[in-house]
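> One structure coming up, written as structure tokens, with questions to follow.
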Amino acid sequence: MSRLSRHSYIANRNINRGFSKTYFPNQILFKLQPGPKRHESYTEEEPTDQPLNIANPKSMDKKRTELKVSALRNGTVIDHIPADQSFQVVKMLNLDESSRQIYFGTNLDSAKYGKKGIIKITDKFFESEEISKIALVAPSATLIEIKDYDVTSKRKVHLPDSVEKIVKCFNPKCVTNNQEIDTKFYVTEDHKGNMKLACHFCEKTMGKESIDFF
Ligand SMILES: [Zn+2]
């Protein structure tokens, strides 16, 4: 048996034993619930107002493949979040404390980005300050606004020239960390094209890994 066919033999054997094919162990998809119950329940079901057609397994399969692009009635989808930033986007936007219906998925397959995260928030439309925050953490993200099931706008987030108030300076000696002064940073790039924030006050420059939001 060649190495390749041995691999596919093992994969098939695992599928026959009920592994991997149904559980997608590295994919996380659940509904964030408001209140104390939110960590107890999750669903892998298609988030839809339409009942699933149990009599028609093909329709169920279709629902499964549509998990990543399922319908919202009103609200915003944040798509194409780098998978490793998905939880940071949730935290940064305080979605873990929100009472809205939120669908969250990460490590989903993406033709363009390999693995991606996606967040769908009902009845939420972001203001420009929040969009700047998203752009700092997930510059590849796309915002899709939906009204009455129709996509009313679809745009890539883009980095602003400067950000005020939303990010802390990482320099403990910076005046903004010692007096009541709002922070201000200029968005720049290093020679490798990595995004950097330069403090208006202490002129220190920090990378994405040092960003700490208020
Ligand atoms: Zn500073």
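Under this note's numbering, think of the first position of the sequence shown as 1, with each following residue one higher. Ideal placement from N, C-alpha and C gives every residue a C-beta, glycine not left out.
In chain order, what residues of the same chain lie with their CB nearer than 6 Å to the CB of A141, ignoring the 5 residues before and after it?
Excluding positions up to five away in sequence, the list reads I78, H80, I81, I134, V157.
> Here's a check: name, in chain order, each residue in its chain whose Cβ is nearer than 6 Å to the Cβ of N171, leaving out the five neighbours to either side.
C202, K204
> Once the 5 residues before and after T122 are set aside, which same chain residues still bring their CB inside 8 Å of it?
Cβ within range, chain order: L72, R73, N74, G75, R100, Q101, I102.
> Helix, strand or coil for C202, going by three-state DSSP, please let me know.
coil
> How long is the line joining the alpha carbons of F125 and E145, rounded to whole angstroms?
So the two alpha carbons sit approximately 7 Å from each other.
> Taking the straight line between their C-alpha atoms, what separation do you get for K196 and C169?
12 Å
> With DSSP as the reference, please indicate the residues paired to D150 in a beta bridge.
K147
> Mind checking whether S162 and V137 have CB atoms under 8 Å apart?
no
> In or out: I211 buried (at least 16 other Cβ within 10 Å) or exposed?
buried
> So I166 and F213 are in contact, right, with Cβ under 8 Å, and what is the actual spacing, rounded?
6 Å
> Determine the closest residue to K192 out of G207, C174, Y113, D109, with distance taken between C-alpha atoms.
Out of G207, C174, Y113, D109, the CA that lies nearest to the CA of K192 is found in G207.
> Taking the beta strand (DSSP E) that K185 belongs to, which residues open and close that run?
Rather than Lys, the amino acid found at residue 185 in this sequence is Phe. From DSSP, the beta strand (DSSP E) with F185 extends over 184 to 189.
> Given 7 Å as the limit, tell me if F213 has its C-beta closer than that to any heavy atom belonging to ligand 1.
No, since every heavy atom of ligand 1 falls outside the 7 Å radius drawn around the Cβ of F213.
> Does DSSP put K173 in a helix, in a strand, or in coil?
coil
> What whole-angstrom Cβ distance do V151 and I119 have, given they're in contact under 8 Å?
With a beta-carbon spacing of about 16 Å, V151 and I119 fall beyond the 8 Å limit used to define contacts.
> Would you say N221 touches ligand 1, meaning its beta carbon is less than 7 Å from a heavy atom?
Residue 221 lies beyond the stretch modelled for the chain, which goes from 1 to 214, so this question has no answer here.
> By DSSP, does E97 sit in helix, in strand, or in coil?
E97 carries a helical assignment under DSSP once its states are collapsed to helix, strand and coil.
> Could you tell me how far apart the beta carbons of E164 and T183 are, in whole angstroms, since I believe they sit closer than 8 Å?
7 Å
> Exposed or buried, what is N194 when buried is set at 16 or more other beta-carbons lying within 10 Å of its beta-carbon?
exposed
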